[in-house]
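Reading through the structure tokens given below for one structure.
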Amino acid sequence: MQGTNVFALDTLGIMIPSKPKMQLVTLAIFSLLLSGCAVSTGQNQEMAFGHVHGIVDLGSGKMLMGTHTGIYSLNSSGEIAGPIGGNDFDAMGITGNSRVQYASGHPGPNTPSELGSPNLGVVQSVNAGKAWSPVAFTGLEDFHVLTVGIKNEIYGLGSSSTFLRVSLDGGNTWANGAPIEAVDLAVTPSGSLFAATPEGVKVSQDNGLSFKVLAGSPALYNLAPSPNGELIGVDVKGTLWRLANSSWEKFGTVNGTVEALLETESGEVVLVDDRGIVMIKGKEAKVIYSTSGAH
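Each residue of the sequence shown is one higher than the last, beginning at 54 in my numbering.
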């Protein structure tokens with residue numbers, strides 16, 4: 054386990070480019086994310102398990118991380134173990150809850166052939182990442198973005214189409230939604246589907262058939278649903294935002310680029326940025342796993 058650091062949220066900083074350069078920075082970040090490339094400032098050493106694609110809340114302080122080198126467990130103390138079940142695939146788009154988890158990506162050296170190659174399509178686990186089975190698009194599609202709702206509806210953005218892929222029955226059947234250029238998706242418990250796009254945050258209330266821009270929304274590139282039905286996200290300036298009662302509220306800042314973002318069922322915000330894995334409770338942020346000295 055790595056050492057921890059505790060500090061107030063208002064002391065967390067990020068170097069912000071001057072205003073004339075901000076539009077170029079915004080376009081550069083969205084361009085890289087849309088192409089499937091990770092964005093890094095290069096300020097810290099990479100964590101031992103590589104890039105973190107996403108974090109899933111399993112409840113009771115337990116989480117699951119999808120990384121470049123496989124599936125890892127994480128707890129609120131910053132203890133990490135894995136790859137869970139020997140699953141070493143590049144776990145793109147990981148999403149889910151305590152009951153079921155979904156992912157995509159590419160096979161690793163020891164990935165069972167039935168999960169697909171060169172792309173995994175959509176794969177599923179019902180035992181907290183210990184074992185995975187193919188669901189759809191096996192061998193064909195690489196979903197960099199997946200999100201699942203409380204009714205087991207799945208939305209994804211794949212590598213071969215600009216159309217949103219939609220399944221309202223846990224992956225049994227699929228249809229195309231609206232064409233959309235987005236770097237992240239999040240579906241809230243109320244069923245609202247949000248998308249982070251170069252034009253701003255968009256929302257769909259019809260299961261992805263159409264989207265509209267939320268006027269006045271910040272330029273978010275990473276989204277996560279809140280258990281109470283709200284939305285959180287991080288913008289290109291490093292500010293954390295919460296959408297509550299149709300209004301945007303700032304609640305903190307990050308260091309560098311956020312790789313993964315989560316709000317747990319108990320209200321903690323967990324994110325991965327240049328410091329490592331950070332947990333935010335109220336107004337206090339704590340680095341529970343530091344990149345400093347990680348190999």
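Virtual Cβ for every residue (Gly too), placed ideally from N, Cα, C.
Sequence-distant residues of its chain with Cβ nearer than 6 angstroms to G282 (five each side left out): T241, P242, S243
Local Cβ density within 10 Å of T226, reported as buried at 16 or more and exposed below that: exposed
Assigned secondary structure, E302 (DSSP; H/G/I helix, E/B strand, else coil): strand
Collapsed DSSP secondary structure at A338 in the structure displayed: strand
Residue from P187, H121, V153 with nearest C-alpha to S166: P187
N- and C-terminal bounds of the beta strand (DSSP E) containing D326: 322 to 326
Residue span of the beta strand (DSSP E) that contains V201, given as start and end: 196 to 201
Cβ contact (3+ pairs, closer than 8 angstroms) linking the segment 130 to 138 and the segment 177 to 196: yes
Three-way DSSP call (helix, strand, coil) for S166 in this model: helix
Cβ pair count under 8 angstroms reaching 3, the segment 151 to 169 against the segment 325 to 344: no
In DSSP terms, what N128 is bridged to: K115
Nearest-angstrom Cα separation, counted from M332 out to L324: 7 angstroms
Spatially closest choice to S212 from G224, E194, I203, T292, by CA coordinates: E194
Straight-line gap, V153 to T200 (C-alpha atoms, nearest Å): 12 angstroms
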